[in-house]
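**Q**
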Amino acid sequence: SSGINAEYGGITEAVIATPFERGQSLLQTPAFHGKIKNTLDLRHHLTSVGQWYRGLEAILIRNCTTNCLFFLLRNPLRNSLPSTNTTRGKYAADFVCGACLGGMNSTLIYPVNVVKSYQQKQINAVPESLLTSCKKVLMERDYKLRKLYYGVQLNLTRSILSWGIINATYELRIYMFGRGIS
Numbered sequence: 008s009s010g011i012n013a014e015y016g017g018i019t020e021a022v023i024a025t026p027f028e029r030g031q032s033l034l035q036t037p038a039f040h041g042k043i044k045n046t047l048d049l050r051h052h053l054t055s056v057g058q059w060y061r062g063l064e065a066i067l068i069r070n071c072t073t074n075c076l077f078f079l080l081r082n083p084l085r086n087s088l089p090s091t092n093t094t095r096g097k098y099a100a101d102f103v104c105g106a107c108l109g110g111m112n113s114t115l116i117y118p119v120n121v122v123k124s125y126q127q128k129q130i131n132a133v134p135e136s137l138l139t140s141c142k143k144v145l146m147e148r149d150y151k152l153r154k155l156y157y158g159v160q161l162n163l164t165r166s167i168l169s170w171g172i173i174n175a176t177y178e179l180r181i182y183m184f185g186r187g188i189s
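Residues in the sequence shown are numbered from 8 upward in steps of one, following my numbering.
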């Protein structure tokens, strides 16, 4: 049940957020700094729904995979950590659980994000399949898996911090709501 819910969450987030990721990718791409003035100007460059949703396949793979792994492994990992009787200890264990899962997920799926970024930095080009884009990215990086992971250290650090905080805060709020504290 949690796996199915995680899939639905990943799909929903992808459908809602892909146009935002697409716009952000274009606005951050130096090749478009003189061509795209701001967020509102994007509508003149992305003239079809397909253009707004470029990279959707990669985002679906990323979201569904990481959501499933997170929700399927969260309780077993949390239960394997040392138990504690203090609120701080519980909060720290929840942070560690979220940080480990977030760091693992972001590192495993990082190459998919690299390919997604490659896809989303194109305008008016014929849309490519994820496999075709993956082959091109690999070719650009001399067919070395190691080169697909350039920048992973920053992504890992961000994921450890953000997922640790998200998980610990979520568990704290569940605890507070259960006790009637808000």
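Ideal Cβ placement from N, Cα and C applies to all residues, glycine included.
#1: Go ahead and label D149 buried or exposed: buried means 16 or more other beta carbons lie within 10 angstroms of its beta carbon, across all protein chains shown.
#2: Quick one: using the 10 Å Cβ neighbour count with 16 as the cut-off for buried, is R61 buried or exposed?
#3: Under 8 Å between the Cβ atoms of N74 and E14?
#4: Got a sec, what are the start and stop residues for the alpha helix (DSSP H) L88 sits in?
#5: Beta-carbon within less than 7 Å of T114's beta-carbon, same chain only, minus the 5 sequence neighbours each way: which residues are those?
#6: Take L67 and list the residues in its own chain whose beta-carbon comes closer than 8 Å to its own, dropping the five residues that flank it on each side.
#7: Which residue comes first and which comes last in the alpha helix (DSSP H) that contains V144?
#8: Take the Cβ of S87 as the centre, count every other Cβ of all protein chains shown within 10 Å, and call the residue buried at 16 or more, exposed below.
#9: If you compare alpha carbons, which of Y125, V121, L84 is closest to A106?
#10: Count the other C-beta atoms from every protein chain shown that fall within 10 angstroms of the C-beta of Q126, then say buried if there are 16 or more, exposed otherwise.
#11: Distance check for H51 and N82, CA to CA, integer angstroms please.
#12: For P134, name the three-state secondary structure that DSSP assigns.
#13: State the start and end residues of the unbroken alpha helix (DSSP H) segment that holds T25.
#14: Going by other Cβ atoms of all chains shown within 10 Å of its Cβ, with 16 needed for buried, is F77 buried or exposed?
#15: Identify, in the order they occur along the chain, each residue of the same chain with its Cβ nearer than 7 Å to the Cβ of V122, setting aside the five sequence neighbours on each side.
#16: Taking DSSP as the reference, what is the three-state secondary structure of G171?
#17: Can you tell me whether Q129 is helix, strand or coil according to DSSP?
#18: Distance, Cα to Cα, E28 vs G10?
#19: Specify the secondary structure class of H40 as computed by DSSP and reduced to three states.
**A** To lay it out plainly:
#1: For this step, residue 149 is matched to residue 142 along the sequence shown. Label assigned to D149: exposed.
#2: The sequence position of residue 61 within the sequence shown is 54, counting from 1. R61 is buried by the Cβ-count criterion.
#3: As a working note, residue 74 is residue 67 in the sequence shown. As a working note, residue 14 is residue 7 in the sequence shown. Yes, the Cβ-Cβ distance between N74 and E14 is below 8 Å.
#4: By one-based count along the sequence shown, residue 88 stands at place 81. Here L88 belongs to no alpha helix (DSSP H), and DSSP marks it neither H nor E.
#5: Translated into positions along the sequence shown, residue 114 becomes position 107. Excluding sequence neighbours, T114 sits near V159, L163.
#6: Indexing the sequence shown from 1 puts residue 67 at position 60. The beta carbon of L67 is closer than 8 Å to those of G17, I18, A21 in its chain, skipping five residues each way along the sequence.
#7: As a working mapping, residue 144 is identified with position 137 in the sequence shown. Element bounds for V144: 137 to 147.
#8: Reading the sequence shown from its first residue, position 80 is the one you call residue 87. Exposed, because fewer than 16 other Cβ atoms sit within 10 Å of the Cβ of S87.
#9: Start at 1 with the first residue of the sequence shown, and residue 106 comes out as number 99. Ranking Y125, V121, L84 by Cα distance to A106 puts L84 first.
#10: Residue numbering aside, residue 126 sits at position 119 when the sequence shown is read from its first letter. Under this definition Q126 is a buried residue.
#11: To locate residue 82, count along the sequence shown from 1; it is residue 75. To locate residue 51, count along the sequence shown from 1; it is residue 44. So the alpha carbons of these two residues sit roughly 46 Å apart.
#12: The count along the sequence shown starts at 1 and reaches residue 134 at position 127. DSSP places P134 in coil when its eight states are reduced to three.
#13: Looking up residue 25 in the sequence shown gives position 18. Where T25 is concerned, the enclosing alpha helix (DSSP H) stretches over 9 to 35.
#14: Counting from one through the sequence shown, the residue named residue 77 turns up at place 70. Buried, since its Cβ has 16 or more Cβ neighbours within 10 Å.
#15: As a first step, residue 122 must be located in the sequence shown, where it is residue number 115. Listed in chain order, the non-local C-beta contacts of V122 below 7 Å within the same chain comprise A65, L137, S140, C141, V144, local neighbours out to five positions each way being set aside.
#16: In the sequence shown, the residue the question calls residue 171 occupies position 164. DSSP places G171 in helix when its eight states are reduced to three.
#17: For this step, residue 129 is matched to residue 122 along the sequence shown. DSSP places Q129 in coil when its eight states are reduced to three.
#18: Taking the sequence shown and counting its residues from 1, the one referred to as residue 28 is at position 21. Taking the sequence shown and counting its residues from 1, the one referred to as residue 10 is at position 3. In a straight line, the C-alpha of E28 is about 25 Å away from that of G10.
#19: Walking along the sequence shown from the start, residue 40 turns up at place 33. H40 falls in the coil class under three-state DSSP.
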